[in-house]
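> Heads up: the sequence lines are chains D and Y, in that order. Number 50 in the working numbering belongs to position 50 of the first sequence; there are no gaps in the numbering. Every position in the second sequence, counted from 1, becomes a number in the working numbering once 1000 is added.
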Amino acid sequence: MNVKENIKTIIVKKPLKLDCGKTINNYHLAYETYGTLNEKKDNAILVFHALSGDQFVSGTNPITNKSGWWSYAVGPDKAIDTNKFFVICANVIGGCMGSYGPNSIDPITNKTVGTNFPVITINDMVNAQYNLLEFFKIDKLFSVTGGSMGGMQVLQFVANFPDKTKTAIPIACTASHSAQNIALNELGRQAIMADKNWNNGNYFNTGSSPNNGLAVARMAAHITYLSKKSLEDKFGRKLQERDDLKFSFDADFQIESYLRHQGNAFVDRFDANSYLYITRAMDYFDLVKQYKGNLSDAFKGSKVKFFIISFTSDWLYPTPENKEIVIALNAAGADVGFIEITSDKGHDSFLLDVPDFLKSVKNFIEANY
Amino acid sequence: MKKEFQIISELIENNKRVLDVGCGDGTLMKHLKDNKNIDTRGLEISKNNVQLCISKSLSVIEGNAERDLQQFPDLSFDYAILSQTLQAFYNPEKVIDDLLRVANKAIVTIPNFGYWKVRLHLLLKGTMPITKNLPDEWYNTPNLHMCTIKDFYNFCSKKNIELYKSIALNGEKTSQINKINLNIKNLYSELGIFLIQK
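Right, dumping it as structure tokens:
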């Protein structure tokens, strides 16, 4: 496989002290860019990806040959118009698309890192990606944005580097992972670890990966990205290529077949250990605790202009959790706008063709540039 | 820009911090921001209007004043504006309290139910008044607590709210309201504009 040739990478020499106490250096950070950085270097937008995303935001993902995960929002003439803006996205550390993660090869032992990879946090991911500003010699970004775990990174970025961006658009996220969020992630992790092929994370040379476990994790997670109504509208009780129930455990229903497909497609492009590490980072995310119980302190004195967006049918990171961020920003006297977009498409709304959402992002970006 | 907004704008000094509650499409906010260097925030219930405000680079939060004013800290603004919305709340008294908590001063405007055309409509036709400022039928009006200029004037003195300025608006004509001319202004004005402080 030469596909990795298509991956741009920087090697970060500067040591990064992780929240777990370990320090990493000379680590890979894979990234992709879209559009052109202008002379003033004031048109850069750093996009953070979500749990299952990667650096291939738009266009065709050279690894999967499918559309980039945010193709509806990012591209020429899109909400984030790459004719005007320079979009940067990096694969998070812990990921499996070229950045330092559990499927990297340890240069000393020449073996896959596996579960020797340190437990990382959202803070670590953001601090690693900050190096891209130096790499591109960008003093200040025009914006940082992302949905779901990408939104968490936006919040962490602004808390860590308040002077390094003009605007911030956290979408469908939270400042603190809830018990429900943790529970759902734990379900996915247990599915992976219960797969005997997982082998305590050492599956790279065994010839078999914990694909079944990872597929089940993806299936369970995928349900949380949809809404009851979207499932009802799309599938209802429709049967899969059959006229009647088969009185078996085959995929009788279209929804079953759909979820199985989602699970199987996912294992082709994602590493099970990465799934464990990234979900763990999400669970550990608690910006409220980082600021000793007062979220406002994360944004104290911030000059960044915020625009928070949530979706009516998102039950994974529901509107009240997004509003907590708005409230904290108001309490800090920060500059903040907020809109709840009406959509039946659940948490996934931010990835889909939801015109009101795309219009909001475009309006905010263009009005503030 | 309508006369009401001009008057409100004249009541606010340059470079202040202002919260526009029920800011609509942001016309007043944009005027204050562009012409008086005012740091504005808006609270608006309609998603469409929030979209319009965002496209004008205005910082507006989608929300309901009765629920969402709570999130603002005490005295986080110099002025809070409430334009022709007081009558639409379940609990207008609480909203006034909240306005005067989050801002040092508040500017409240009310469509005057004591205006002679309103009174005449009810007197002669015997049906709920419909006027330029009160265009809806009784069965679909958002207005739950209509009041008159006199009602609001009395409300302020009863609640120990200081009335800095009371302005009557009739068409394009403005005049000051005081204790002596209150009954006349209550009859001849379409709109009352009040600058208050607790």
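Just so it is clear, CB atoms sit at the ideal spot from N, CA and C, and this is done for glycine as well.
At least one CB of chain B closer than 8 Å to the CB of residue 305 of chain D: is that the case?
This model lacks chain B altogether, as its protein chains are D and Y.
> Under the three-state reduction of DSSP, which class applies to residue 352 of chain D: helix, strand or coil?
As a first step, residue 352 of chain D is located in the first sequence; it is residue number 352 there, counting from the start. In the structure shown, residue 352 of chain D sits in coil (DSSP, three-state: anything other than H, G, I, E or B).
> Do you know whose CA, among D:5, D:87, D:98, D:336, lies nearest residue 42 of chain D's CA?
Taking the first residue of the first sequence as position 1, residue 42 of chain D is located at position 42. Ranking D:5, D:87, D:98, D:336 by Cα distance to residue 42 of chain D puts D:87 first.
> Could you give the DSSP three-state label for residue 1165 of chain Y: helix, strand or coil?
As a first step, residue 1165 of chain Y must be located in the second sequence, where it is residue number 165. DSSP places residue 1165 of chain Y in strand when its eight states are reduced to three.
> Along the chain, where does the alpha helix (DSSP H) containing residue 1176 of chain Y start, and where does it finish?
Mapped onto the second sequence, residue 1176 of chain Y falls at position 176. Taken as a continuous stretch (DSSP letters only), residue 1176 of chain Y belongs to no alpha helix (DSSP H), being part of the beta strand (DSSP E) at 1173–1176.
> Which value, in whole angstroms, describes the spacing of the CA atoms of residue 281 of chain D and residue 303 of chain D?
Within the first sequence, numbered from 1, the residue matching residue 281 of chain D stands at position 281. Within the first sequence, numbered from 1, the residue matching residue 303 of chain D stands at position 303. Their Cα atoms are separated by approximately 28 Å.
> Below 8 Å on the Cβ atoms is my guess for residue 1107 of chain Y versus residue 1169 of chain Y; work out the distance and round it to an integer in Å.
Counting from one through the second sequence, the residue named residue 1107 of chain Y turns up at place 107. Counting from one through the second sequence, the residue named residue 1169 of chain Y turns up at place 169. Contact doesn't hold; Cβ gap of about 13 Å is too wide.
> Answer yes if the region 167–175 of chain D comes into contact with the region 99–106 of chain D, meaning at least three C-beta pairs across the two stretches below 8 Å, and no otherwise.
Verdict: no, contact absent.
> Pop quiz: residue 1026 of chain Y and residue 1047 of chain Y are said to be a contact at Cβ under 8 Å. What is the actual Cβ separation, rounded to whole angstroms?
Counting from one through the second sequence, the residue named residue 1026 of chain Y turns up at place 26. Counting from one through the second sequence, the residue named residue 1047 of chain Y turns up at place 47. So it is not a contact: roughly 14 Å between Cβ atoms.
> Are residue 1058 of chain Y and residue 1042 of chain Y close, meaning C-beta to C-beta below 8 Å?
Walking along the second sequence from the start, residue 1058 of chain Y turns up at place 58. Walking along the second sequence from the start, residue 1042 of chain Y turns up at place 42. Yes, these two residues count as a Cβ contact at 8 Å.
> Kindly say whether residue 78 of chain D, judged by its beta-carbon, lies nearer than 8 Å to any beta-carbon of chain Y.
By one-based count along the first sequence, residue 78 of chain D stands at place 78. It does not: the Cβ of residue 78 of chain D has no partner Cβ on chain Y nearer than 8 Å.
> Here's the rule I'm using: 16 or more other beta-carbon atoms within 10 Å means buried, otherwise exposed. How should residue 20 of chain D be labelled?
On the first sequence, residue 20 of chain D is found 20 positions in, with the first residue counted as 1. Result: exposed.
> Helix, strand or coil for residue 177 of chain D per DSSP?
Position 177 of the first sequence, counted from the first residue, corresponds to residue 177 of chain D. Three-state DSSP puts residue 177 of chain D in coil, outside helix and strand.
> Can you tell me which of Y:1044, Y:1177, Y:1191, Y:1111 puts its alpha carbon nearest to the alpha carbon of residue 1064 of chain Y?
For this step, residue 1064 of chain Y is matched to residue 64 along the second sequence. Per the Cα distances, Y:1044.
> Run through DSSP, which three-state label would residue 1190 of chain Y get?
One-based indexing of the second sequence puts residue 1190 of chain Y at position 190. In this structure, residue 1190 of chain Y counts as coil in the three-state DSSP scheme.
> Check the Cβ of residue 339 of chain D against every Cβ in chain Y and list those closer than 9 Å, keeping chain order.
Residue 339 of chain D sits at position 339 when you count from the first residue of the first sequence. By Cβ distance, chain Y contributes 1047, 1050, 1051, 1054, 1060, 1061, 1062.
> Among D:79, D:347, D:353, D:64, which residue has its Cα nearest to the Cα of residue 224 of chain D?
Within the first sequence, numbered from 1, the residue matching residue 224 of chain D stands at position 224. Residue D:347 is the option with its Cα nearest to residue 224 of chain D.
> Could you pull the start and end residues of the alpha helix (DSSP H) that residue 26 of chain D belongs to?
Position 26 of the first sequence, counted from the first residue, corresponds to residue 26 of chain D. Unbroken run through residue 26 of chain D: none, as it is neither H nor E.
> What does DSSP give as the partner residue(s) for residue 1020 of chain Y in the beta ladder?
Along the second sequence, read from residue 1 onward, the residue named residue 1020 of chain Y stands at position 20. DSSP, once it has assigned bridges, lists Y:1042, Y:1081 as partnering residue 1020 of chain Y.
> Assuming residue 1077 of chain Y contacts residue 1119 of chain Y under a Cβ cut-off of 8 Å, what Cβ separation, rounded to an integer in Å, is found between them?
Locating residue 1077 of chain Y in the second sequence gives position 77, counting from the first residue. Locating residue 1119 of chain Y in the second sequence gives position 119, counting from the first residue. 36 Å between Cβ atoms; not a contact.
> Within the same chain, show all residues whose beta-carbon is closer than 6 Å to that of residue 35 of chain D, passing over the 5 residues directly before and after it, in chain order.
Locating residue 35 of chain D in the first sequence gives position 35, counting from the first residue. Excluding sequence neighbours, residue 35 of chain D sits near 82, 85, 86, 87.
> Compare the C-beta of residue 349 of chain D against all C-beta atoms of chain Y and say whether one is closer than 8 Å.
By 1-based counting over the first sequence, the position of residue 349 of chain D is 349. Not an interface residue.
> Quick one: give me the first and last residue of the beta strand (DSSP E) that residue 132 of chain D is part of.
Within the first sequence, numbered from 1, the residue matching residue 132 of chain D stands at position 132. Counting along the chain, residue 132 of chain D falls outside any beta strand (DSSP E), though it belongs to the alpha helix (DSSP H) covering 131–135.
> With a 10 Å radius around its C-beta and 16 neighbouring C-beta atoms as the bar for buried, classify residue 31 of chain D as buried or exposed.
Stepping through the first sequence from its first residue, residue 31 of chain D is reached at position 31. It is buried - the Cβ of residue 31 of chain D has at least 16 other Cβ atoms within 10 Å.
> Which full runs of the beta strand (DSSP E) of 3+ residues lie inside the region 1076–1150 of chain Y, going along the chain?
Here the runs fully enclosed are 1077–1083, 1103–1111.
> Checking 8 Å against the spacing of the C-beta atoms, do residue 1192 of chain Y and residue 1175 of chain Y come in under that value?
Start at 1 with the first residue of the second sequence, and residue 1192 of chain Y comes out as number 192. Start at 1 with the first residue of the second sequence, and residue 1175 of chain Y comes out as number 175. Result no, Cβ atoms of residue 1192 of chain Y and residue 1175 of chain Y do not sit closer than 8 Å.
> Can you tell me the Cα-Cα spacing of residue 166 of chain D and residue 364 of chain D, whole angstroms?
Taking the first sequence and counting its residues from 1, one reaches residue 166 of chain D at position 166. Taking the first sequence and counting its residues from 1, one reaches residue 364 of chain D at position 364. About 12 Å.
> Considering just the uninterrupted stretch of the alpha helix (DSSP H) at residue 228 of chain D, what are its terminal residues?
The residue you call residue 228 of chain D lines up with position 228 of the first sequence. First-last of the alpha helix (DSSP H) with residue 228 of chain D: 228–234.
> Considering only their Cβ atoms, is the gap separating residue 334 of chain D from residue 306 of chain D smaller than 8 Å?
Stepping through the first sequence from its first residue, residue 306 of chain D is reached at position 306. Stepping through the first sequence from its first residue, residue 334 of chain D is reached at position 334. Cβ atoms of residue 306 of chain D and residue 334 of chain D: closer than 8 Å.
> Output, in sequence order along the chain, the residues in the region 57–79 of chain D whose CB is closer than 8 Å to any CB in chain Y.
Taking 8 Å as the Cβ-Cβ cut-off against chain Y, none of the residues of the region 57–79 of chain D qualify.
> Go to residue 1028 of chain Y, then tell me how far its alpha helix (DSSP H) extends in each direction, as first and last residue.
Counting from 1 along the second sequence, the entry for residue 1028 of chain Y is found at position 28. Taken as a continuous stretch (DSSP letters only), the alpha helix (DSSP H) holding residue 1028 of chain Y covers 1027–1036.
> Could you pull out every residue in the same chain whose Cβ sits closer than 7 Å to the Cβ of residue 126 of chain D, ignoring the five residues on either side in sequence?
Counted from its first residue, the first sequence places residue 126 of chain D at position 126. Counting only Cβ-Cβ distances below 7 Å, and skipping sequence neighbours, we find 153, 156, 157, 160.
> Smallest Cα separation from residue 1197 of chain Y: which of Y:1181, Y:1097, Y:1105?
For the purposes of this step, residue 1197 of chain Y is taken as the residue at position 197 of the second sequence. It is Y:1105 whose Cα lies nearest to the Cα of residue 1197 of chain Y.
> Are the Cβ atoms of residue 1095 of chain Y and residue 1066 of chain Y separated by less than 8 Å?
Here the question's residue 1095 of chain Y lines up with position 95 in the second sequence. Here the question's residue 1066 of chain Y lines up with position 66 in the second sequence. Yes, the Cβ-Cβ distance between residue 1095 of chain Y and residue 1066 of chain Y is below 8 Å.
> Taking the runs of the alpha helix (DSSP H) that are 4 residues or longer, which of them lie wholly in the region 213–295 of chain D?
Within the region 213–295 of chain D, the complete alpha helix (DSSP H) runs of at least 4 residues are 228–234, 254–267, 272–284, 287–290.
> How is the beta strand (DSSP E) around residue 335 of chain D delimited, first residue to last?
Counted from its first residue, the first sequence places residue 335 of chain D at position 335. That run of the beta strand (DSSP E) goes 335–341.
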